[in-house]
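Step one of this worksheet: look at the structure below.
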Amino acid sequence: MSSDENEHKITLPPGSRFRRQAGPYDLDTGRPCYAVQVIALDEKARRRVEDNSQIMGTPGKHFYVWDIKNGSTWPVFLTLTVDGVTVGKDND
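Under the numbering used here, the residues of the sequence shown are numbered 1437 to 1528, in order.
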């Protein structure tokens, strides 16, 4: 894994939660497409990661919120994307 790929990975320690507003969301078009990739020690640890991300807001002003909890006993690594483009922890 290159250092460029590493700088966009978010480390989520065991038992911790990552929650952050991702950005605006259009209910009519379903865009942009927000996603999270989870890298874990094994499949058992990956299955213990809960993705409770959701769309929030008021009519005409919706936004997407990433809400991920690591229920495993191992750290996991997250990669966040918007329309397939990797973003960093602070949307850089």
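Here a beta-carbon is modelled for each residue, glycine too, at the ideal position from N, C-alpha and C.
Here the structure is a predicted model, which is why all the values come from computation and not from measurement.
Exercise. Would you mind working out which of S1508, G1520, P1450, Y1470 sits nearest Y1500, comparing C-alpha positions?
Key: Nearest option by C-alpha distance: Y1470.
Quiz item: Taking DSSP as the reference, what is the three-state secondary structure of K1505?
Solution: In this structure, K1505 counts as strand in the three-state DSSP scheme.
Quiz prompt | Local Cβ density within 10 Å of D1462, reported as buried at 16 or more and exposed below that | solution = Answer is exposed; the Cβ neighbour count stays below 16.
Self-check item: Neighbourhood of T1509 by C-beta distance below 6 Å, restricted to the same chain and skipping five residues each side
Solution: Here T1509 has P1450 as same chain residues with Cβ atoms under 6 Å from its own Cβ, once five neighbours each way along the sequence are excluded.
Quiz item: Per DSSP, what kind of secondary structure is K1445 in: helix, strand or coil?
Solution: Note: K1445 maps to coil in three-state DSSP.
Quiz prompt | 8 Å Cβ cutoff met for D1478 and Q1490 | solution = In this structure, D1478 keeps its C-beta atom at 8 Å or more from the C-beta atom of Q1490.
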